[in-house]
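Here the protein sequences line up with chains W and L, keeping their order. Our numbering applies: residue 385 is where the first sequence begins, and numbers increase by one. Our numbering applies: residue 490 is where the second sequence begins, and numbers increase by one. Quick reminder that beta carbons are idealized off the backbone N, C-alpha and C, glycines included. Just so it is clear, the structure is predicted and the values come from calculations on it, not from any experiment. Encoded as structure tokens, the structure appears first; notes follow it.
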Amino acid sequence: MKKNRLKKYSIRAGIAFLIIVAVLTYLSSTIDNMLLPKVKSTDIIVGTLSGENDGNMKTKYLLPLSSVTEFDESGSVFVLNTDDNGKTKVNEISVTITASDDLYYEVTSGSLFSDMQVIYETSKSISDGDRVYVEEG
Amino acid sequence: MKKIKLTFKYTLLVFIALVFLFPVIYMLACSFMSSGEVNRMLDFTNGKYRSLSLIPQMFSLEQYYQVFFRRPEYLLKFWNSVIITFPTVLGQVVVSSLAAFAFGKLHFPFRDKLFFVYIILLILPLQVTLVPNYIVLDNLNLLNNFLAVILPGTFSAFGVCLLRQSIKYIFDSSIEAALIDGASYFKIFTKIILPQIKGGLITLTLLCFIDNWNVVEQPLIYFKDSGMYPLSIGLSDISNSDYGIIFACGVMFMIPPMLIYFYGQSDIDFPFVQIDK
């Protein structure tokens with residue numbers, strides 16, 4: 385009698401365990417994305433604020449004001465990066481600010497490239513290497 | 490004197506039980522520690538762990554939270570284990586019981602010689618058959634497919650040998666009586682043989698389950714896609730620095746075999762024919 389009860393409970397516990405893990409597996413990516421910092425990104429514009437080439441060999445980029453954290457003449461931006469597992473992460477890149485207007489910073493950087501996506505809005509504070517969820521702009 | 494002897498005996502037994510249970514208790518304890526605490530404790534920078542504690546400084550469900558909500562890859566690995574194990578166990582129990590019935594009770598040419606070949610297969614270590622299996626699976630175009638682990642497991646010789654021993658103890662007279670009454674071999678198998686080898690079937694299920702649940706070598710060799718690896722490989726990856734998560738995964742990984750053991754515990758006491766009871 386006691387053995388039969390143990391069998392019954394084992395079967396029930398097994399089924400319940402598998403159902404719970406199945407539900408968590410189904411929801412985990414969703415939950416995971418919900419808990420990640422939500423960010424918005426934009427393409428990097430190559431060019432200068434004046435629209436003219438000043439003869440400098442360094443490529444200049446125009447970045448939205450909200451994307452750059454400014455420290456005097458330098459600053460840092462976060463760019464999107466996809467790791468080996470297909471997870472989206474952010475990398476912090478240092479930039480040198482050469483000019484600015486009401487909308488953009490004009491910057492130069494050896495680590496910034498025109499095919500990168502720069503983050504201009506985030507729901508939580510982020511740091512280098514953090515995983516993020518990219519929202520449609 | 491008798492009392493002292495008994496106390497000594499029980500103390501010794503409890504000590505031995507604790508030694509064997511220590512890894513499980515340690516895993517459970519570490520799974521309830523924060524990742525910082527586990528990493529501090531298992532800091533192998535000097536080639537040795539720093540300390541060994543069984544009581545968390547602060548009880549934390551952080552590791553479980555990471556496994557169940559933040560790191561879905563471990564849950565997917567868990568399901569890979571399920572995909573590999575459940576069909577293999579089911580297949581092996583069906584194939585082995587049918588083959589064992591044939592080897593144990595049916596008469597056909599070269600029966601004993603064929604069974605001898607099975608025994609030889611059983612003696613061969615897994616590592617010896619890995620490369621031939623790899624070549625066969627490559628020719629069948631089954632590499633990087635779950636069937637690469639399921640099929641060899643299904644046709645393993647171990648189950649046949651185990652169940653043949655159980656079936657051998659069933660009286661021939663009961664089979665002959667059924668044949669006289671007009672029962673087919675399939676009916677004899679399902680109505681006479683199977684109910685009497687229930688203990689053997691559950692023992693085989695449990696052993697086969699544990700064997701396939703803990704499988705490491707075959708997926709590593711047959712699967713190129715690391716996304717198909719079962720959780721057993723994730724747990725055995727000691728280069729992984731997420732020790733805390735590994736402990737929480739270990740607890741999750743331990744639950745299914747434990748439940749199967751609880752289910753079959755009473756029947757395992759009688760792995761051979763039920764009439765022995």
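Legend entry - Minimum Cβ-Cβ distance from L565 (chain L) to chain W less than 8 Å: yes
Legend entry - Environment of G733 (chain L) [buried if 16+ CB atoms lie within 10 Å]: buried
Legend entry - Residue range of the beta strand (DSSP E) that includes D332 (chain W): Nothing can be reported for residue 332 (chain W): it is not among the residues displayed for chain W, which extend from 385 to 521.
Inset, instruction - Can you give me the start and stop residues for the alpha helix (DSSP H) that V503 (chain L) sits inside? - result: 491–520
Legend entry - Residue range of the alpha helix (DSSP H) that includes L696 (chain L): 687–702
Inset, instruction - Alpha carbon to alpha carbon, how far is E562 (chain L) from L595 (chain L)? Give it in angstroms, no decimals. - result: 48 Å
Inset, instruction - Using a Cβ cut-off of 8 Å, pull out every chain W residue sitting near I656 (chain L), in sequence order please. - result: Under the 8 Å cutoff, chain W gives no residues; its nearest Cβ is about 24 Å from I656 (chain L).
Inset, instruction - Less than 8 Å between the CB atoms is what I'm expecting for V474 (chain W) and D512 (chain W), so what's the real figure, rounded? - result: 7 Å
Legend entry - Pairwise C-alpha distance: A646 (chain L) and C519 (chain L): 39 Å
Inset, instruction - Could you name the residues that DSSP lists as bridge partners for K473 (chain W)? - result: W:N465, W:R515
Legend entry - Inter-residue Cα distance where the pair is E519 (chain W) and S509 (chain W): 16 Å
Inset, instruction - Measure the alpha-carbon distance for G431 (chain W) versus I404 (chain W) and round it to whole angstroms. - result: 54 Å
Legend entry - Short CB-CB distance (under 8 Å) between F455 (chain W) and chain L: no
Inset, instruction - List the residues of chain L that F401 (chain W) touches, going by C-beta distances under 8 Å, in chain order. - result: I744, P745, L748
Inset, instruction - State yes or no: is the C-beta of M448 (chain L) within less than 8 Å of the C-beta of F751 (chain L)? - result: This structure leaves residue 448 (chain L) out entirely; chain L is present only between 490 and 766.
Inset, instruction - Return the bridge partner residues of V446 (chain W) from the DSSP annotation. - result: Here residue 446 (chain W) is Leu; the residue named in the question, Val, does not match the sequence. The partner list for L446 (chain W) (beta bridge, DSSP) reads W:I429, W:E490.
Legend entry - Under the three-state DSSP convention, the category F590 (chain L) falls into: helix
Legend entry - Cα-Cα separation, F558 (chain L) to Y711 (chain L): 30 Å
Inset, instruction - Quick one: residues in its chain with C-beta nearer than 6 Å to the C-beta of T506 (chain W), no 5 flanking neighbours on either side, listed in chain order? - result: P421, V423
Legend entry - heavy atom of the ligand NAD below 7 Å from I686 (chain L) C-beta: The ligand NAD is not part of the structure shown, which contains no ligands of any sort.
Inset, instruction - Buried or exposed for Q616 (chain L), please, with buried defined as at least 16 other CB atoms from any protein chain shown within 10 angstroms of its CB. - result: exposed
Inset, instruction - Compare the C-alpha of G648 (chain L) against each of L:L565, L:L695, L:V582 and name the closest. - result: L:V582
Legend entry - Sequence ranges, alpha helix (DSSP H) only - wholly within the stretch 602–639 of chain L, length at least 4: 615–628
Inset, instruction - Let me know if K766 (chain L) comes out buried or exposed under the rule of 16 or more other beta-carbons within 10 Å of its beta-carbon. - result: Bear in mind that the predicted position of K766 (chain L) carries a pLDDT of just 40, short of 50, making it unreliable; the figure below should be weighed with that in mind. Looking at its Cβ environment, which holds fewer than 16 other Cβ atoms inside 10 Å, K766 (chain L) is exposed.
Legend entry - Secondary structure of S478 (chain W), DSSP reduced to three states: strand
Legend entry - M739 (chain L) and L695 (chain L) closer than 8 Å at C-beta: The displayed chain sequence assigns Gly, not Met, to residue 739 (chain L). Against a cut-off of 8 Å, the Cβ pair of L695 (chain L) and G739 (chain L) comes out as no contact.
Inset, instruction - Taking I503 (chain W) as part of the beta strand (DSSP E), name the residues at either end of that continuous run. - result: 501–506
Inset, instruction - Compile a chain-ordered list of the residues in the stretch 388–418 of chain W whose CB is closer than 7 Å to at least one CB of chain L. - result: L390, K391, S394, I395, A397, G398, F401, V405, L408, T409, S412, S413, I415, D416
Inset, instruction - Identify, in the order they occur along the chain, each residue of the same chain with its Cβ nearer than 7 Å to the Cβ of S585 (chain L), setting aside the five sequence neighbours on each side. - result: G648, V649, L652, L693
Legend entry - Inter-residue CB distance, K687 (chain L) and D756 (chain L) (contact presumed, cutoff 8 Å): 6 Å
Legend entry - Contact list for the stretch 546–557 of chain L against chain W, Cβ threshold 8 Å: F557
Inset, instruction - Taking only the alpha-carbon atoms, compute the straight-line gap between E360 (chain W) and M717 (chain L) and give it to the nearest angstrom. - result: Since the displayed chain W opens at 385 and closes at 521, residue 360 (chain W) lies outside it and no answer follows.
Inset, instruction - Anything in chain W within Cβ reach of W702 (chain L), meaning under 7 Å, just list it in chain order. - result: The premise fails here: W702 (chain L) is roughly 13 Å from chain W at the closest Cβ pair, so nothing lies under 7 Å.
Legend entry - Contacting residues, own chain, Cβ-Cβ under 6 Å from G459 (chain W) (five flanking each side not counted): V452, T453, V479, I481
Inset, instruction - Ignore the nearest five residues each way along the sequence and tell me which others in I764 (chain L)'s own chain have a CB closer than 6 Å to its CB. - result: Low per-residue confidence applies at I764 (chain L): pLDDT is 47, beneath 50, and the placement is therefore not dependable, though the value from the model is reported in the following sentence. Contacts found: none.
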